[in-house]
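What follows is a short report on a single structure.
Numbering (my numbering), first residue to last: 121 to 253.
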């Protein structure tokens with residue numbers, strides 16, 4: 121006789137990822153395999169190569185299982201859209217200076233911008249995967 125399936129409640133992480141997945145299908149129509157990370161990043165991060173954030177990005181870059189990394193901050197009010205935009209510009213410049221990560225490009229998403237993401241975060245893509253215009 122089989123045991124009944126447990127009635128598991130989704131975690132806060134599950135709910136955040138679900139909201140971002142719904143948004144990505146509706147707004148930016150991401151294709152491919154996405155590594156969803158709920159991570160309370162700091163827009164004032166020093167971006168040291170051995171720091172948690174850069175280590176996470178380097179791990180993504182070396183893993184062929186994913187085409188996109190989406191880092192989502194779990195607090196909707198942790199940063200302003202402007203501070204996230206500045207952080208992403210600084211992160212792009214930092215990645216360009218690391219040979220093994222120079223092919224990556226970062227894009228911001230925030231609840232207070234035209235992209236209207238449910239949570240602030242950033243998407244990391246390989247430059248070679250970006251659509252050509």
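For each residue, glycine too, the CB sits at the ideal point set by N, CA and C.
Compare the C-alpha of residue i against each of the options and name the closest.
i           : options               : result
residue 186 : 141, 241, 144 and 154 : 154
residue 157 : 143, 221, 224 and 180 : 180
residue 195 : 240, 142, 206 and 233 : 240
Can you look up residue i in the DSSP assignment and give me helix, strand or coil?
i           : result
residue 161 : coil
residue 225 : strand
residue 244 : strand
residue 155 : strand
residue 175 : helix
residue 128 : coil
residue 198 : coil
Residue range of the beta strand (DSSP E) that residue i falls in?
i           : result
residue 189 : 188-192
What residue does the alpha helix (DSSP H) around residue i start on, and which one ends it?
i           : result
residue 237 : Run containing residue 237: none; DSSP gives neither H nor E here.
residue 232 : Taken as a continuous stretch (DSSP letters only), residue 232 belongs to no alpha helix (DSSP H), as it is neither H nor E.
residue 168 : Note, residue 168: premise wrong, no alpha helix (DSSP H); not H, not E.
residue 141 : 132-143
residue 208 : 201-216
Around the C-beta of residue i, are 16 or more other C-beta atoms found within 10 angstroms, so that it is buried, or is it exposed?
i           : result
residue 182 : exposed
residue 237 : buried
residue 197 : exposed
residue 230 : buried
residue 228 : buried
residue 193 : buried
residue 128 : exposed
Going by the CB atoms, is the gap between residue j and residue i shorter than 9 Å?
i           : j           : result
residue 218 : residue 242 : no
residue 178 : residue 221 : yes
residue 244 : residue 188 : yes
residue 232 : residue 200 : yes
residue 246 : residue 214 : no
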